[in-house]
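The sequence shown lines up with residues 590 to 797 when you count with our numbering.
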Amino acid sequence: MTGYHDYLILLTPPASIINNVKKLKEQSFSMIGEYESRHSKAHITVQPWPRKRPVWIEPLLPKLERDLQTLPPLVMDINGFDFFDQQEFQTIYAKLTSTPATKLWFKLLRRFFNTSPFEPHITITRNIPHHNFKQLWPRFKTLPWNERFSIDKLTILRRETIGYDKTFKPYNEISFNKKLDFFEFTNFKLKQPAMSSAKNDGKQFSLF
Numbered sequence: 590m591t592g593y594h595d596y597l598i599l600l601t602p603p604a605s606i607i608n609n610v611k612k613l614k615e616q617s618f619s620m621i622g623e624y625e626s627r628h629s630k631a632h633i634t635v636q637p638w639p640r641k642r643p644v645w646i647e648p649l650l651p652k653l654e655r656d657l658q659t660l661p662p663l664v665m666d667i668n669g670f671d672f673f674d675q676q677e678f679q680t681i682y683a684k685l686t687s688t689p690a691t692k693l694w695f696k697l698l699r700r701f702f703n704t705s706p707f708e709p710h711i712t713i714t715r716n717i718p719h720h721n722f723k724q725l726w727p728r729f730k731t732l733p734w735n736e737r738f739s740i741d742k743l744t745i746l747r748r749e750t751i752g753y754d755k756t757f758k759p760y761n762e763i764s765f766n767k768k769l770d771f772f773e774f775t776n777f778k779l780k781q782p783a784m785s786s787a788k789n790d791g792k793q794f795s796l797f
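Right under this line is the structure:
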């Protein structure tokens with residue numbers, strides 16, 4: 590395999606979350622018709638890697654596997670819905686409760702990818718026109734959804750950069766350390782002095 594591929598690094602929630610998001614996407618389709626993210630499976634995006642050769646990626650995976658063993662499975666709570674306002678277009682998403690523990694966990698994860706801070710979320714309808722948003726938001730605004738879930742692995746998807754099939758397909762899954770408890774781990778880390786950035790420069794996993 591010598592061609593370029595696009596990779597997508599993400600976190601996949603459990604089946605109960607995936608199924609509910611799928612149902613919400615179909616209900617949205619019945620109200621506004623086709624939209625960009627209708628067929629996208631529920632996920633939390635970590636980082637895209639566009640236009641990379643497999644020979645660049647494959648040698649880096651063993652180190653990533655070792656790095657991710659320093660993190661426990663993630664525990665998060667869904668708390669209703671919110672939206673990103675992009676002026677002409679809006680994106681409705683399932684809102685994830687942000688706590689010191691989750692902020693720390695994502696900070697540690699981002700360190701391995703040398704990526705900027707981002708707001709973890711699960712997209713329902715991406716980049717819909719404002720008139721469609723006005724149809725959907727009154728329903729989502731008052732729709733209750735409170736659910737705790739755990740994610741025990743990182744997922745890597747892949748597709749050919751140039752090709753007819755633009756669908757991302759599973760490429761690899763890398764487990765977090767199931768021997769570590771999320772709450773015990775983050776509580777311990779939050780009590781520790783902040784680590785210097787210099788100490789962790791060697792732990793970054795990046796192609797940029």
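Idealized CB from N, CA, C, for every residue including glycine.
Computed from a predicted structure; not experimentally measured.
Close-in-space but distant-in-sequence residues of the same chain around residue i (CB under 7 Å, 5 per side omitted)
i	result
K778	L693
Contact set for residue i: own chain, Cβ-Cβ below 8 Å, skip 5 residues either direction
i	result
W638	D595, Y596, L597, I598, I646 and L796
Y760	Y596, I745, L746 and R747
Integer-rounded CB distance, given that residue j should sit under 8 Å from residue i
i	j	result
I740	P661	So it is not a contact: roughly 10 Å between Cβ atoms.
I681	F729	6 Å
W726	I667	Contact flag wrong, Cβ pair sits at about 17 Å.
F774	L732	Incorrect: roughly 33 Å between the Cβ atoms, too far for contact.
Q636	F702	5 Å
Close Cβ partners of residue i (< 6 Å) along its chain, the five nearest in sequence each way excluded
i	result
A631	P602, I606, I607, V610 and I711
R737	D666
Residue i, DSSP secondary structure in three states
i	result
T634	strand
T680	strand
K641	strand
L653	helix
L613	helix
L663	strand
**Message:** Give the list of continuous beta strand (DSSP E) stretches no shorter than 3 residues that lie fully inside the region 687-769.
**Reply:** 710-718, 735-740, 742-749 and 758-764
**Prompt:** For the 8 Å Cβ check, are there 3 or more pairs between the region 666-677 and the region 618-636?
**Reply:** no
**Asked** Per the contact definition of three or more C-beta pairs closer than 8 Å, is the region 765-776 in contact with the region 647-660?
**Response** yes
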